Each structure stands twice: as structure tokens, then as C-alpha cells.
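J.: Numbering-wise, the UniProt record's numbering puts 188 at position 188 of the sequence shown, and it's gapless, one number per residue.
Idealized CB from N, CA, C, for every residue including glycine.
Quantities reported herein were computed from a predicted structural model and do not represent experimental measurements.
Structure below; questions to follow.
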Amino acid sequence: MGPVASKDAELEIGLQWRPHDQRFNASLAFDGPADQEPRRQLVDQPVYVDLPRLRQLTANAEQYGTALTEMLFAVEEIGDFYRLARTAAGADDTPIHLRLLVDPSAPNDYHRVRWELLRDPEDGAPVATRRNVMFSRYLSSSDWTLSTSPPKHDLRALVVIANPSNLADYTPRGRSLAPVNVLAERQSAVIALGPSISVTVLDSGGAATLDRITDALADGIDLLYLVCHGTLADGDTRLWLEAPDGTAAVVDGQQLVDRLNGLTRRPTLAVLCSCQSAGTEPATEDGGVFAALGPRLAASGVPAVVAMQGNVTMTTAASFFPAFFEELAAHGVVDRAMAVARSRIEGRQDWWAPVLFSRLKRGRTWYLPGFAEAGSYLWNAVISAVESRTFTPILGPGLAAQIIGSRREIARRWVDRWMMPIAPANREDLPKVAQYLRTRTAEQVPANDLRNYLMTDFRQRYADRVPEALLQGSQPEKVIAELGAQTRRTDLDDPYVRVAALPAPIYVTTTWNSLLEDALVDAGRPPVVGSFDWNDAPVSDLSEELHEKPTVERPLVYHLFGRIEEPESLVLTEDDHFAWLMAWIDRRQNLPASVRHALTRKSLMFLGYRLDDLDFRVLFQSLQSFGGSGQLRRWQHIGVQLSPASPMIEPEAAQEYLESYFGERKVGIYWGETRRFLQELGQRMQVPQ
């Protein structure tokens with residue numbers, strides 16, 4: 001997939017705000033190339049940033065950078081870690097991803113500090129212009145909306161140019177607002193974005209309204225390129241957008257953030273550009289107010305934001321942006337694109353003005369679907385296991401997302417429907433949402449409430465697809481079965497159709513539905529169905545058939561986390577997951593022998609999971625406690641397919657995590673959606689549909 005090479009060095013400098021004395025606590029992390037051990041350190045000595053002194057030096061970039069460097073590197077440990085990174089880079093200039101974390105709770109003035117002017121304490125050269133340094137302001141918070149990196153695709157950009165007809169009526173803080181040269185700004189934007197990016201434009205005449213921007217972004221835009229006047233009022237950013245009649249609509253920056261929060265899919269990148277003013281050399285005139293908005297846009301779930309932290313000349317912008325977008329389209333690594341573009345303007349006096357706010361640890365804005373490494377080798381291993389029938393599909397909830405919605409979508413809609421007072425970080429965590437209900441109600445209420453909620457949701461979403469009699473009933477499993485049957489009739493690439501075509505005698509699943517069983521029946525392979533009895537709930541297993549040897553023609557589908565038609569069997573809340581693990585330890589030897597064999601002596605193919613979801617982590621722990629990992633190390637290859645839709649997961653980290661269970665070089669990760677993986681597997685094997 002071409003991730004950032006593991007040989008790159010990573011240096012992270014964190015500054016945690018101390019409001020009681022207006023200083024920062026420093027934290028340091030270094031991860032060197034290849035065989036070097038990572039280092040982390042919390043620093044006792046606080047960092048003091050002298051804002052009044054920096055304000056006095058704003059007219060002289062060199063003096064400003066020197067003073068800022070003295071303030072930061074006055075803490076000895078910060079200098080030690082920086083030199084460690086420089087040494088690790090060596091003479092071959094190994095890339096260094098330098099991430100500066102400024103506490104989001106720090107006052108805005110500290111986010112407006114020109115950190116890009118930091119200088120090397122050894123030779124005095126600007127750090128951000130070093131050939132091998134990829135500098136970004138990294139943003140992190142426990143309660144932020146999740147951001148995702150989509151698969152590589154043709155990029156789509158929304159260019160917004162606001163030119164209210166009555167700008168002359170406003171003089172914010174005594175400054176007049178010049179009319180925007182819409183034609184020039186549009187040409188600059190289109191040239192900068194380049195021919196490989198599809199562009200939609202909203203410009204002037206009442207087009208650049210907040211509502212129209214929101215509607216356009218909801219259509220799946222990758223890049224937001226916003227050109228408008230910006231001002232500061234009481235420390236908050238004001239955007240001069242348009243009303244439907246073309247006059248000014250002065251919008252608080254938080255309103256834009258709130259609109260982005262409401263989007264199911266947010267743009268991967270936002271670029272905030274100020275309008276140019278007249279002068280000896282045309283330049284922007286916002287004084288860098290958009291730099292204060294960058295962290296808040298990132299907080300809304302935009303993975304990367306580029307803004308200008310000061311007045312920047314049009315000559316600089318004309319060189320910077322085309323280089324930035326060309327590199328981004330080619331490689332998708334935003335901090336690398338920033339470094340390349342900055343190298344094009346390092347001779348300009350305002351080279352430091354572009355600033356990158358990023359929530360992407362290694363800068364990747366998209367991923368290439370496929371195996372992380374050794375693709376052909378791993379495909380051959382997967383195909384060999386399938387053809388020899390020495391594999392076990394383990395199916396997660398992602399396979400049914402097209403019909404039911406993902407577990408995260410269910411959690412979010414459930415929270416909204418009942419207006420639950422749940423922290424933002426937990427709103428998409430279904431076990432936590434269910435646990436909230438569990439702590440306030442009887443034990444079986446969450447499972448029954450989930451069934452009731454699903455029926456309500458189905459009535460709203462599928463009134464035109466499902467017979468009225470089913471929708472007015474109380475059995476979501478019947479609606480799911482109907483929707484699944486419709487999908488399989490019209491979509492030959494439906495994941496369950498593909499999975500049912502694989503010659504597996506045993507399927508293990510943590511899903512709650514019976515879509516797999518129905519697909520197997522359609523494929524002429526009626527299955528035996530069993531469930532793991534983790535809480536003595538009454539189930540309808542054909543127990544006498546569970547101990548017969550499964551075959552490809554009569555496979556076994558074994559549910560680990562219960563079934564929706566049997567609410568008491570569901571593993572739903574956090575408590576359920578912990579209780580399930582305890583039951584697994586006590587009862588795992590009661591599993592049918594064929595299931596024990598399938599989980600420990602065959603290659604496992606995980607489909608429809610996310611690495612950071614609780615059900616996946618609990619499943620892995622169960623295999624570990626089962627002694628599965630020791631047996632699995634005997635197998636040459638384990639095929640794993642995951643969706644990398646989490647800011648916490650990087651390809652290399654996921655690889656290491658899985659290898660800790662299965663042993664070195666025993667697991668291959670396919671990054672991408674389940675549908676794409678199964679399509680490619682089918683094409684490579686020419687599995688009949």
C-alpha cells in the first residue's frame with residue numbers, strides 16, 4: 001500500500017498547557033529507524049513562551065525564529081531528543097516526521113505563534129526547510145470526532161470564493177474589506193489544484209453560503225478550498241461568507257465547525273486562503289486569523305488543515321499551492337507534500353506562512369487497497385489456503401453494514417434518537433452506548449431496546465423496500481433477512497454472496513444476523529447453525545448435528561456473540577464482553593471439536609472487522625487464551641482483512657499488533673473494504689458466482 005517507510009524517524013514534541021502559571025509541560029517521544037528502540041520522556045522543567053517578546057519581533061522572521069528557538073530549547077531534554085533524531089537521520093538524510101503538539105486548551109495566541117520559524121540549535125538553519133524534515137502541528141484529543149483515511153481514488157475539490165456585494169459597508173477593527181477578484185481567485189485555485197483533481201466551484205452572487213457549502217461537502221468532497229475574508233472578534237474567527245441574496249453573512253468559525261461535525265464523511269483536507277489586497281506586491285491581509293481556526297476544523301474530524309499564519313504574498317502562494325497539491329495527489333502524504341511545497345518557496349521572505357495542522361500521525365491522507373507488503377506472496381498464500389480448504393473465515397459486523405449500518409453508525413443513531421448524554425469520544429462505541437443503558441435499566445433492556453430501535457430505524461429508512469407487514473412487526477431479523485434477499489438478487493458482489501461461494505466447511509462469526517446462513521442456502525449449501533453458550537441463554541441450535549463433521553456441502557456456521565432473534569444471547573454491552581471472556585475461559589473446551597480445530601489449526605481469514613473495535617479485541621484475546629496462537633504459528637500464512645478507518649491505527653502498528661499474537665511473519669494485512677477484498681479474491685481465483 002506504500003505507507004510511510006518504517007525506516008523513517010519520528011520526533012514528537014508535546015506541549016501541555018499549565019493555566020496556573022501560563023507555561024507548558026513538555027513530553028517527548030522518538031521512534032528511530034528500523035532496529036532502534038522508541039524513547040519517551042516526560043520533562044519536569046516547564047516551557048515558557050514569551051508572547052510579548054515574540055510580538056515585538058514579528059517584522060523580522062530570523063530574529064523571531066531565533067528567540068522562539070531559545071525559548072523551546074531552553075529545556076535541555078528537548079534539545080537532546082532533537083539531536084537524537086538528527087543523529088538517527090544520519091548522512092543519508094533519513095526522513096524525520098517532526099510533530100509539534102500544542103495543547104488545544106491553550107489560548108489562541110499560542111496557536112498563532114509562528115512555530116514554523118524554529119531553528120536548528122546547532123547551525124541556526126530553519127528546521128521546517130530542511131530537506132529531510134516533515135514538520136507539522138499534530139493535534140490530538142480524547143473527545144474529538146474520528147477521522148478516517150479513504151482508499152486512493154480520483155480526488156474531488158470544492159472551491160468556495162466568497163465576495164459579498166456589500167463588503168464596503170463593513171470596517172472590522174477599523175480595516176476596510178477589499179472586493180474579492182473572483183476570476184483571479186478561481187483561476188489561482190484551479191491552477192493550484194491541477195488537472196488530476198475534479199473541481200466544483202461556489203463563487204459570489206449568493207453561491208458561497210454556509211448552507212450550500214454544507215450541501216456540497218455532504219456529496220463526498222475530499223478537499224475544501226475556502227477563499228474569503230477573515231477577522232478576529234474577541235479571540236474568535238469570523239468568516240465573511242455570503243447570504244442567498246449575495247450580501248455578507250458574517251459566520252462564526254464555530255458554525256462552520258458545527259456543520260462539519262454533522263457530516264457523515266468530512267473532507268480529508270481543508271485549505272483556508274485569505275483574500276488578496278492591493279499593494280506593491282499583492283498579498284493577503286487577514287493577519288493569520290485562519291491559523292486560529294485550523295485546530296478547531298481538525299477537531300471536527302478534518303484530518304489535515306492548511307492555513308496561512310500571516311499575510312502571504314500572491315507570488316508565494318502561486319508557487320506553494322501547485323507544488324503542494326501535485327505532491328499530495330501523487331503520494332497522499334500531507335506532511336511530505338508540505339515539505340516539498342515549502343522547499344519551493346524557501347527563498348521567499350514569507351516562506352514560513354503556510355502551516356499544517358494534522359491529525360494523521362504519519363501524514364497519509366489515503367491508502368492503497370491491498371496487502372501492506374509482499375502482496376503477490378500473500379495472495380498466493382490466501383489462494384492456496386482456500387483451494388486446499390485449510391482456512392476458516394471469521395466474519396465480523398462490517399459485512400452487513402450496507403444493510404444494517406456499521407456498529408458505529410448504529411451507536412451514533414441510537415444516541416441521537418434517545419438524546420443520550422454521552423461523551424463525544426464514546427458516541428460511536430456501541431458497547432459503551434449499550435453499557436450506558438445497562439447501568440440505568442434492567443439487564444436485558446439494552447438488547448431488547450436495540451431490537452426496538454432497529455425496527456424504528458428500518459421503518460424510517462426502508463418503507464419503500466420492505467413489505468408493510470414486516471415493518472409493523474417486532475422482529476428485526478425478518479426485515480434484515482428480506483433486505484439481504486433483495487440485495488443478493490441484485491448485487492453479485494454482495495459480500496455474503498462472495499463468502500458463500502468460498503469452499504469453507506466451517507464459518508465462525510461474531511455477527512448477530514443470519515445473512516450468511518441465508519446466502520449459503522441460496523448457494524445450495526444449507527448450513528448447520530450453532531452458538532457458543534456463554535450465559536446459559538436459551539438457543540435454538542441443532543445440537544445433535546453440531547458434532548457431525550462439517551462439509552463444504554453442509555457447512556457449520558458458528559455464532560460466538562449470539563443472534564439478534566435470541567436477545568439474551570447477544571454480546572452487546574461492555575459487561576457482556578467481559579462476561580463472555582470469562583465464559584470462554586471456563587467453557588472453551590465444550591466447543592465442538594470441529595470448531596476448535598478450525599480456530600487453531602487452519603489459516604484464519606478475518607472479514608469485516610476494525611482493529612480498534614472491542615469485539616475484534618475480545619476475539620483475539622479468546623484465541624490467545626485458547627492456546628490458538630501457539631498452534632497458529634505453525635501455519636505459514638494468516639490472511640487478515642481490516643478496515644483502517646481509525647485515527648489510532650497505522651499500518652505498521654497494526655502489523656506489529658497482530659504479529660504479537662500470531663508470531664513473526666505469520667500475518668498479512670489487507671487494507672481496504674471487505675467488498676473489495678472479496679472481489680479481488682474472486683477475480684484471482686475465478687470463483688463462480
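Quick one: complete beta strand (DSSP E) runs, 3+ long, within the segment 313-401?
T.: Counting only runs of 3 or more, we get 354-358, 391-395.
J.: When the Cβ atoms of the segment 225-238 are set against those of the segment 86-106, are three or more pairs found closer than 8 Å?
T.: no
J.: Measuring only the C-alpha atoms, how far is glycine 398 from threonine 509?
T.: 11 Å
J.: Terminal residues of the continuous alpha helix (DSSP H) containing glutamine 16?
T.: Where glutamine 16 is concerned, there is no enclosing alpha helix (DSSP H), although the beta strand (DSSP E) it sits in stretches over 9-18.
J.: Taking the C-alpha atoms as reference points, what is the distance between proline 179 and isoleucine 197?
T.: Rounded to the nearest angstrom, the two C-alpha atoms are 28 Å apart.
J.: Candidates Tyr82, Glu517, Ser343, Tyr670: which alpha carbon is nearest arginine 488's?
T.: Glu517
J.: Is it buried or exposed, tyrosine 609, if we count other Cβ atoms within 10 angstroms and call 16 or more buried?
T.: That one is buried.
J.: Within its chain, find whatever has a CB closer than 7 Å to the CB of valine 618; leave out the 5 residues flanking it on each side and keep chain order.
T.: His577, Trp580, Leu581
J.: Assess contact between the segment 518-535 and the segment 552-564, defined as three or more Cβ pairs (one per stretch) separated by less than 8 Å. Is contact present?
T.: yes
J.: Spatial neighbours of leucine 520 within its chain, please: CB distance less than 6 Å, with the 5 preceding and 5 following residues excluded, ordered by chain position.
T.: Taken in chain order, the residues that qualify are Ala500, Pro527.
J.: Among Thr66, Tyr64, Asp120, Arg212, which one has its Cα closest to the Cα of isoleucine 161?
T.: Arg212
J.: Counting pairs of beta carbons, one from the segment 202-217 and one from the segment 329-342, are three or more of them closer than 8 Å?
T.: no
J.: Under three-state DSSP, which class holds threonine 509?
T.: strand
J.: Under 7 Å Cβ to Cβ from serine 165, same chain only, skipping five residues before and after it: list those, please.
T.: Taken in chain order, the residues that qualify are Gly246, Thr247.
J.: Rounded to whole angstroms, what is the Cα-Cα separation between phenylalanine 606 and isoleucine 506?
T.: 13 Å
J.: Taking 7 Å as the limit between beta carbons, can you name the residues of its chain near arginine 23, skipping five residues before and five after?
T.: Pro46, Val47, Tyr48
J.: Which class does tyrosine 170 belong to by DSSP, given the choice of helix, strand or coil?
T.: coil
J.: Reducing DSSP to helix, strand and coil, say where valine 257 ends up.
T.: helix
J.: According to the neighbour-count rule (16 or more other Cβ atoms, all chains shown, within 10 Å of its Cβ), is arginine 684 buried or exposed?
T.: exposed
J.: Tell me the DSSP bridge mates of threonine 237?
T.: For threonine 237, DSSP records a beta bridge to Leu232.
J.: Report the three-state DSSP secondary structure of proline 38 (helix, strand or coil).
T.: Per DSSP, reduced to three states, the secondary structure at proline 38 is coil, with no helix or strand assignment.
J.: If I measure Cβ to Cβ from tyrosine 558 and keep anything under 6 Å in the same chain, skipping five residues before and after, which residues do I get?
T.: Val508, Gly530, Val595
J.: Would you kindly report the start and end of the unbroken beta strand (DSSP E) that includes serine 198?
T.: 198-203
J.: For histidine 559, which beta-bridge partners are listed by DSSP?
T.: Thr509, Ser531
J.: Tell me whether glutamate 566 sits in a helix, a strand or coil according to DSSP, three-state version.
T.: strand
J.: Tell me, to the nearest whole angstrom, how far the beta carbon of tryptophan 414 is from that of tyrosine 453; I am working on the premise that it is less than 8 Å.
T.: 6 Å
J.: Just confirm the distance between the C-beta atoms of proline 95 and aspartate 8, as a whole number of angstroms; I'd bet it's less than 8 Å.
T.: So it is a contact: roughly 5 Å between Cβ atoms.
J.: Please list the segments of the alpha helix (DSSP H) lying wholly inside the segment 57-132, counting only runs of 4 or more residues, in order along the chain.
T.: 61-72, 76-89, 108-111
J.: Does the distance from the CB of leucine 272 to the CB of arginine 266 come in under 8 Å?
T.: no
J.: Taking the alpha carbon of glycine 347 as the reference point, which residue from Gln679, Pro38, Pro126 has its own alpha carbon closest?
T.: Pro126
J.: Is it buried or exposed, threonine 313, if we count other Cβ atoms within 10 angstroms and call 16 or more buried?
T.: buried
J.: Look at alanine 168 and leucine 193 and say whether their C-beta atoms are less than 8 Å apart.
T.: no
J.: Is DSSP giving isoleucine 422 helix, strand or coil here?
T.: Looking at isoleucine 422 - three-state DSSP - the assignment turns out to be coil, as it is neither helix nor strand.
J.: Return the chain-ordered list of same chain residues with a C-beta closer than 6 Å to the C-beta of alanine 307, the five sequence neighbours on each side being excluded.
T.: Leu272, Phe290, Ala291, Gly294, Val355
J.: What are the boundary residues of the beta strand (DSSP E) that includes isoleucine 480?
T.: Per DSSP, isoleucine 480 belongs to no beta strand (DSSP E); it is in the alpha helix (DSSP H), 476-490.
J.: DSSP three-state label for glutamine 683, please.
T.: helix
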